[in-house]
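Heads up: the sequence shown is residues 10 to 457, going by this note's numbering.
Beta carbons: idealized from backbone N, C-alpha and C, even for Gly.
Bear in mind the structure is a predicted one, so any value in this text is a computation, not a measurement.
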Amino acid sequence: MKEIGLGKALAMTCRAGRMTPGERKELAQKRLKELAAYAGQNSPYYGRLYKGLPEDWKLTDLPTVNKVDLMAHFDMWLTDRTVTEEAVNSFMEDRENIGRLMDGKYLIFTTSGSTGSPLVVLYDKTCMNISSALSVLRAYARKEDLSAFIKKGKRTASIFAEGFYLGSGSVKYQLRRMPWKKGMMMNLDVRTPTAEIVEKLNRFSPVMLGGYPSGLELLADEQAASRLHISPAIVMTGGELLRDEVREKLADAFGGYVQTNYSCTEGGTMCHECVNRHLHINDEWIMIEAVDEDNRLVPDGTQSAKILLTNLANKVQPFIRYEVSDRIVMHHEECGCGCDAPWLEIEGRNDDILMFEVGIRLQPLAVYAILREVPGLKRFQLVQKERNVLELRMLAQDPKEVFGKAEEVLQSYFRDNGVHAVIYAGEILPQVHPESGKFKHIVALGRE
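This is the structure we're talking about:
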């Protein structure tokens, strides 16, 4: 398996950008055939799955896979037969390894577990370089924003959950590779008290500001209150749905252009946003099928129940027709922005901002990130019953012990942010919304 360096990945991305849709589709089909053949030969899991496939198979002939089944067969799934789940878990026990290559080969990430089951994902250097190339060349909806970013010094501040996650892990990886960029790149843990984040951002004065929309919305309030004084040329959001009203609020507060993208740990940078606010698929490397509950394709313009994702760049840990719970609407009609790749609309995460009696607001992904780290907490839902009273619903092997740990870390975070709250253990398991069927980890008062 020949490695693709960053320079080659950039050149390949440029060439694909000049191709017609038909040429990119042909290229993606060629890569799919190569990936499936490689997976079938080197992954015992896929070898068993693909046994008996017809010689002239199509994408829809391939069996679908899901997170639970893949993790249950982790050691049989990877094409590098020297990597084991035990070794990966041991590597992740040391947080100093965030952004480091395991065995000098692989970056280790974990998904957020928004559906209750986190997934461990390996990126080799080829996968990282392709994802980086797509981000570098297609991240900016407007060329003038890239020019402004370069002219103003390229200082980038991102505010994501610290851990083996795609956002913070990628930044740590870049800083380890290029330590001279330490004064130009900064990642702040989303769980850091707001006042501390404000102080650090004021000192750093980022040209690009990135983070979850809910977290950046709170920083917009700090800017409006004249506690935060920054003027980023570009604001990049991710990890949550960027609602129109939040986009406008961020633009008014910071003055820079605001945009988003569609990424996930399993697929890397899957879509880039254009000036028409359409998310165009990076379709030479990513295949996305909009399907119903039974994995049947739904027509363009129809909301799917989920998607099937195929990442053509990851050969060490193949994701081929992999079920993702995101609901999208697929489009193949002309966008008008100049990009002829298919585009989609996505229904993103919808966890709530928590507001307490004293007017303090806490962003949901900060709270989520704290609970996500509690040992033994398999699934959870924090529900605000009164302004300063919260119910923690849990799925855990030892609920009493796990609740004690969860309450301790939550109260510590709340105290750091000036919140005095009562937290009690719920008597029911985490629940989906009875009407929409959606699941929230963090539910604000009156939103249950």
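Check                                                                                                     : Outcome
Thr165 - containing alpha helix (DSSP H), residue span                                                    : Where Thr165 is concerned, there is no enclosing alpha helix (DSSP H), although the beta strand (DSSP E) it sits in stretches over Thr165 to Phe169.
Burial state of Cys23, where buried means 16 or more other Cβ atoms lie within 10 Å                       : exposed
Validate contact between the stretch 145–158 and the stretch 178–189 using beta carbons, cut 8 Å, 3 pairs : no
Member of Lys449, Leu128, Pro127 and Asp89 whose CA lies at the smallest distance from the CA of Met111   : Asp89
Proximity of Glu298 and Ala314 at Cβ, strictly below 8 Å                                                  : no
Where Thr69 falls, given that 16 or more other Cβ within 10 Å makes a residue buried                      : exposed
Coil, strand or helix - Tyr174 by DSSP                                                                    : coil
Gly49 versus Val376: straight-line alpha-carbon distance, rounded                                         : 41 Å
DSSP bridge partner residues for Ser141 (one or two, in chain order)                                      : Paired residue(s): none; Ser141 is not in a bridge.
Cβ neighbour criterion (16 or more within 10 Å) applied to Ile13                                          : buried
Short Cβ contact (8 Å threshold) for Val325 with Leu131                                                   : yes
C-alpha gap between Lys387 and Ala405, whole angstroms                                                    : 6 Å
Which of helix, strand or coil DSSP assigns to Gln183                                                     : helix
Proximal residues to Gly219 (C-beta, below 6 Å), its chain only, five neighbours per side dropped         : Ser167 and Met245
C-alpha gap between Gly16 and Ala322, whole angstroms                                                     : 16 Å
Distance CB(Leu317)-CB(Gln393) smaller than 8 Å                                                           : no
Cβ pair Arg456, Asp361 closer than 8 Å                                                                    : yes
Boundaries (first-last residue) of the alpha helix (DSSP H) holding Asp425                                : Pro408 to Asp425
Assigned secondary structure, Thr22 (DSSP; H/G/I helix, E/B strand, else coil)                            : helix
One or two residues paired with Asp198 in a DSSP bridge                                                   : Phe169
Residue(s) in a DSSP beta bridge with Arg402                                                              : Gln390
Proximal residues to Asp198 (C-beta, below 6 Å), its chain only, five neighbours per side dropped         : Glu171
Ala118 - containing beta strand (DSSP E), residue span                                                    : As written in the sequence, residue 118 is Phe, which differs from the Ala given in the question. From DSSP, the beta strand (DSSP E) with Phe118 extends over Tyr115 to Thr119.
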